[in-house]
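*Asks:*
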Amino acid sequence: MLSVLTLRCAAPTGPDVVLVHGTGSDATTWDEVAVGLGTDRTVHAVDLRGHGRSDRPGTYSVALMAQDLAQVLPHLVAGPVDLAGHSLGGLVALRLADDRPDLVRRLVLEDVGRLHPRPPTAPARPDEDPGFDWRVVEQVRPEVDDPAADWPDLLARLRPPVLVVAGGPERFVDESHVHELVDLVPDGRSLTLGTGHEVHLGAPAAFVTAVRTFLDG
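In terms of the UniProt record's numbering, the sequence shown opens at residue 1 and continues consecutively.
1. Please go through the segment 145–169 and give each complete beta strand (DSSP E) segment of 3 or more residues, from N-terminal end onward.
2. Check whether the segment 118–126 touches the segment 64–82, taking contact to mean three or more Cβ pairs, one atom from each stretch, closer than 8 angstroms.
3. According to DSSP, what are the bridge partners of Ala45?
4. Need the endpoints of the alpha helix (DSSP H) that Leu69 sits in, please.
5. Less than 7 angstroms between C-beta atoms, sequence neighbours within five positions excluded: which residues of the same chain meet that for Gly52?
6. Answer yes if the segment 123–142 comes into contact with the segment 182–192, meaning at least three C-beta pairs across the two stretches below 8 angstroms, and no otherwise.
7. Using alpha carbons as the reference points, say which of Thr39, Leu201, Pro15 lies closest to Cys9.
8. Apply the 10 Å Cβ neighbour rule to Pro152 and answer buried if 16 or more other Cβ atoms are within range, or exposed otherwise.
9. Taking only the alpha-carbon atoms, compute the straight-line gap between His21 and Gly50 and give it to the nearest angstrom.
10. So the candidates are Val162, Arg118, Leu48, Asp150; which of them puts its Cα closest to the Cα of Val211?
11. Mind checking if Thr23 is an interface residue toward chain C, Cβ cutoff 9 angstroms exclusive?
12. Work out the CA separation of Ser190 and His44 for me, nearest whole Å.
13. How about Arg56 and Asp133: are their beta carbons less than 9 angstroms apart?
14. Is Ala70 near Leu83, with beta carbons less than 9 angstroms apart?
15. Alpha carbon to alpha carbon, what distance is there between Thr192 and Leu96?
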């Protein structure tokens, strides 16, 4: 079962927004963004499996995380949502938008853009408790290092409009990969905020403004 934090708006004027964190984080990473977006929308921040207060089943993949979201969204809201994902959360959001286009109205991807293999990385498990199930890293990192060959096809058939927010010079994702992703989706655009990989933490006000402008467009 996924844990979800909800900031409910008394008189929303737009669709609900669902926020999906990256590896090793949890729903609370979105606190400032949720307040910024929640003035006229209900906002839900999800703990992915293995993170926060969600279950730790021991088996992890982008596809399984997307399936979890597909199961929980109908219990949160009727109709499609605006979906934003950071890093791993962006990959999960992309997979969900492809698997269940009926659930996603608009899509925001924060520092997501890797389409090509890279040298395998194997981060060492920290001595202290990392605060999430480390098996997420062990099982999902290979998917990130060596993306499935179907990702370009997935992007090309995406239905919702997509905004990619890049992190600038200190980013995790190469700028050329961001542009390639935007070029592949039918309705895509990008914005660079030079704050590094965690744009929503480095420049929350600018991030909220960009996301709100896109969602209201």
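Ideal Cβ positions, reconstructed from N, Cα and C, are used throughout, including at glycine. Computed from a predicted structure; not experimentally measured.
*Replies:* Looking at the atomic coordinates:
1. 162–166
2. no
3. Counted from its first residue, the sequence shown places residue 45 at position 45. In the DSSP output, where bridge partners are listed per residue, Ala45 has Leu5, Leu19.
4. The residue given as residue 69 occupies position 69 in the sequence shown. Its alpha helix (DSSP H) spans residues 62–76.
5. The residue given as residue 52 occupies position 52 in the sequence shown. The answer, listed in chain order, is Ser3, Asp26, Ala27.
6. no
7. Looking up residue 9 in the sequence shown gives position 9. Of Thr39, Leu201, Pro15, the residue nearest in Cα terms is Thr39.
8. If you number the sequence shown from 1, residue 152 lands on position 152. By the 10 Å Cβ count, Pro152 comes out exposed.
9. Here the question's residue 21 lines up with position 21 in the sequence shown. Here the question's residue 50 lines up with position 50 in the sequence shown. Rounded to whole angstroms, His21 to Gly50 spans 12 angstroms at the Cα level.
10. For the purposes of this step, residue 211 is taken as residue 211 along the sequence shown, with counting starting at 1. Val211 has its Cα closest to that of Val162, out of Val162, Arg118, Leu48, Asp150.
11. This model lacks chain C altogether; it includes just one protein chain.
12. Reading the sequence shown from its first residue, position 44 is the one you call residue 44. Reading the sequence shown from its first residue, position 190 is the one you call residue 190. If I take the Cα positions, the gap works out to 24 angstroms.
13. Position 56 of the sequence shown, counting from 1, holds the residue named residue 56. Position 133 of the sequence shown, counting from 1, holds the residue named residue 133. A contact, by the Cβ cut-off of 9 angstroms.
14. On the sequence shown, residue 70 is found 70 positions in, with the first residue counted as 1. On the sequence shown, residue 83 is found 83 positions in, with the first residue counted as 1. No, these two residues do not count as a Cβ contact at 9 angstroms.
15. Here residue 96 is taken as the residue at index 96 of the sequence shown, counted from 1. Here residue 192 is taken as the residue at index 192 of the sequence shown, counted from 1. Whole-angstrom Cα-Cα distance: 24 angstroms.
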